[in-house]
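Encoded as structure tokens, the structure appears first; notes follow it.
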Amino acid sequence: MKTEDIILKEEKQRKLLLGLLFDAIGMLSFSIPVVGEFGDVIWAPLAGFLMTYMYKGRVGKVAGFFAFLEEILPFTDIIPSFTLTWFYTYYIQKR
Numbered sequence: 278m279k280t281e282d283i284i285l286k287e288e289k290q291r292k293l294l295l296g297l298l299f300d301a302i303g304m305l306s307f308s309i310p311v312v313g314e315f316g317d318v319i320w321a322p323l324a325g326f327l328m329t330y331m332y333k334g335r336v337g338k339v340a341g342f343f344a345f346l347e348e349i350l351p352f353t354d355i356i357p358s359f360t361l362t363w364f365y366t367y368y369i370q371k372r
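So, in structure tokens, the structure goes:
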């Protein structure tokens, strides 16, 4: 394998692991009903920022907007937005 292939593979794995972690953090509001929904007010802008930071360009901007909405709206925390964006980036777009 070339050095840049190894770097791309490591980046792909890192984004998947971070995405799974961030999706798990976003789903924590289900474990503490009242406090969790208040926590979404703090987590939603952070999730949007992290998404746009992880995925550059149009994909990052659109995914960041939807990650923010998914976290701020009640009862939508079950959607794994980071993992779905990872899947879209590496399997649908085939980067």
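Take 278 as the starting number for the sequence shown in my numbering and just add one per residue. Glycine included, C-beta positions come from ideal geometry on N, C-alpha and C.
Roughly how many angstroms separate the alpha carbons of residue i and residue j, rounded to a whole number?
i    : j    : result
P357 : L350 : 14 Å
V318 : F345 : 10 Å
A324 : F307 : 17 Å
G316 : R335 : 28 Å
F284 : Q290 : Checking the displayed sequence, the identity of residue 284 turns out to be Ile instead of Phe. Rounded to whole angstroms, I284 to Q290 spans 10 Å at the Cα level.
Y233 : L297 : In the structure as shown, the chain starts at 278 and stops at 372, and residue 233 therefore has no counterpart that could be examined.
E314 : E347 : 12 Å
E281 : R372 : 13 Å
Y368 : I309 : 34 Å
Under DSSP, the alpha helix (DSSP H) around residue i begins and ends at which residues?
i    : result
D282 : 280 to 303
F326 : 310 to 331
Hey, residue i and residue j: beta-carbon distance below 8 Å or not?
i    : j    : result
T366 : D300 : no
T353 : Y332 : no
W320 : G341 : no
Nearest CA to the CA of residue i: which residue from the options?
i    : options          : result
L305 : I369, P322, I355 : I355
L295 : K371, G341, M328 : M328
G337 : D282, K292, E281 : K292
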